[in-house]
Each structure stands twice: as structure tokens, then as C-alpha cells.
Amino acid sequence: MARLFDLHAPLPKSKGALTSCAASLTPEARPGDYAQAVMDLGATICTPKLPRCGLCPWHDICAARKAGTAAELPKKLPKLKKPTRFGTAYVARRNDGAVLLEKRPERGLLGGMLGWPGSEWRETLPEAIPPISADWVEAPGEVRHTFTHFHLRLRVMVAKVDGLQTNQKFTAAEDFCPADLPTVMRKIWSTAAAET
Ligand code: SF4
């Protein structure tokens, strides 16, 4: 559509305009066949890198071909480099195998999901306060995870605790299933396991 209408606004901002252009061409009769034909055209003739205008059934009406701009369309905004954030996660395990998990705040990333206590995730490693007093040991390696808008690198602190020393609510071993955790929290658990 960007080429057919010679639209130079970059994606993804131009998506709405491109959708309108596509809708304006969709026939009432056999719209499914039309959509399939357009997809086939995009996959075989008007490909992203190499438009083959000489073979194209839209050759005579295509605005970009007439303007000589087909090769430079569709335009895209340059990808922004993702920032990296840092943080600390704490994995406390009781002698009977129970673990200290917390429910994350409803709002925000991984909202309402179970996770390990820890610091905020910032662009420089923020100060971290352990959830309980214990002999915390840093696990070897770090956890790396990529979210849509940033990379995350976490150091993982691990402690074995005596069940009597804290009144924090632990999750019993039989109720803890790592598969129930979001991916980044599972990675933390795997890294912690190397130390415990
Ligand atoms: S004429 Fe060229 S640029 Fe235009 S739709 Fe066909 S292949 Fe694409």
C-alpha cells in the first residue's frame, strides 16, 4: 500500500493510513480472494526488498513506480536502541523447601504475578534491601532477560533460612511450581539453584 499510494510516512505511525488505503481497495465481492491475492503479490512480486514492477499487475496505476520511489518504500522509523536496566532479586529458601515469593503490584510490568522479592529495575544498579535478615550469598552468573522496551540484568542473592527466624509468609514446597512463574522469575530460580 505504501508503494501503490506512494506514502512516505514511516511505519509504524503510518499503519492507520495504510490500513485505510487497503480498505479502500477491498472489493465487496470475494474480499478473501482479494486479500490472498494481495498477500501473494507482496510475497512474490512487490517484495519488501525488491519490487519487480515489470511483472506487476498494478504496474500502470502504482504511484511509487511512476514517481520512481518504489525501492525506498515502505519507510520505517529507525529502531531505538533498547536501554539496559539492572536490579537485584532475592531467593530465600527454608530448610523444609518452602520459598519466599511475593505477588507483584497489580499495576506495572508483570502486574499481579508471582515473583521473587527484589529491588527496582533501574539504569544503574539501585540499592537493594533484602526482604529478611539472612546470610545472603550472590549466586554465580547473572540473569539476563529482554522485555519489549528494555534489557534486564539481575544479580541473584540466595539464602537458606531457618523456618523459625522469620514470620514472613513462605510458599510451601508442595505449593511451589516454578512453571507458574513468569519467564524472568523462572530464570532467577534457575540461577539461584546453582547456589543452593
Ligand atoms: S508496480 Fe512495483 S512498486 Fe508498485 S505495487 Fe507493483 S511491484 Fe510494487
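In my numbering, the protein residues as written are -3 to 192. Just so it is clear, CB atoms sit at the ideal spot from N, CA and C, and this is done for glycine as well.
Strictly by DSSP, which residues pair up with residue i?
i	result
A114	Note on residue identity: the sequence assigns Gly, not Ala, to residue 114. According to DSSP, G114 bridges with A85.
R90	V157
E98	G111
T179	T179 is not bridged to any residue.
K72	L7
T80	H147
What do you reckon, are the CB atoms on residue i and residue j nearer than 8 Å?
i	j	result
W185	P178	no
V157	R100	no
W132	R81	no
A94	G114	no
A67	P47	yes
Pick out whichever of the options has its Cα sitting closest to the Cα of residue i.
i	options	result
E134	L106, T187 and W54	T187
P122	G28, C49, L150 and G107	L150
M181	L105, L37 and T22	L105
M54	D2, R81, E119 and F82	A small fix is needed here, since residue 54 is Trp in this sequence, not Met. Of the candidates D2, R81, E119 and F82, the one whose C-alpha sits nearest the C-alpha of W54 is D2.
T65	F166, R81, A169 and H4	H4
D92	P8, L0, A168 and G12	A168
T142	K62, L73 and P79	P79
A19	L51, A31, P8 and G107	A31
R140	C58, P70, G12 and K183	K183
H147	K77, A190, E68 and I125	K77
V87	F166, A(-2) and R26	F166
I128	L97, E119 and G108	L97
G111	R(-1), K45 and F172	F172
G12	A25, T144 and A(-2)	A(-2)
A124	G83, A155 and Q164	G83
A130	D29, L21, D36 and A155	A155
S10	P44, K72 and L51	K72
H145	E138, E119 and E170	E119
Are any of the Cβ atoms in chain D nearer than 8 Å to that of residue i?
i	result
P174	In the structure shown, chain D does not exist; there is a single protein chain.
Kindly give me the distance between the Cβ atoms of residue i and residue j, rounded to whole angstroms, as I take these residues to be in contact under 8 Å.
i	j	result
L0	C58	5 Å
P70	L7	6 Å
M153	P126	7 Å
A190	P136	6 Å
In chain order, which continuous runs of the beta strand (DSSP E) of length 3 or greater are located wholly inside the stretch 128 to 167? 139 to 142 and 147 to 157
In chain order, each alpha helix (DSSP H) run of at least 4 residues that lies wholly inside the stretch 35 to 70: 59 to 63
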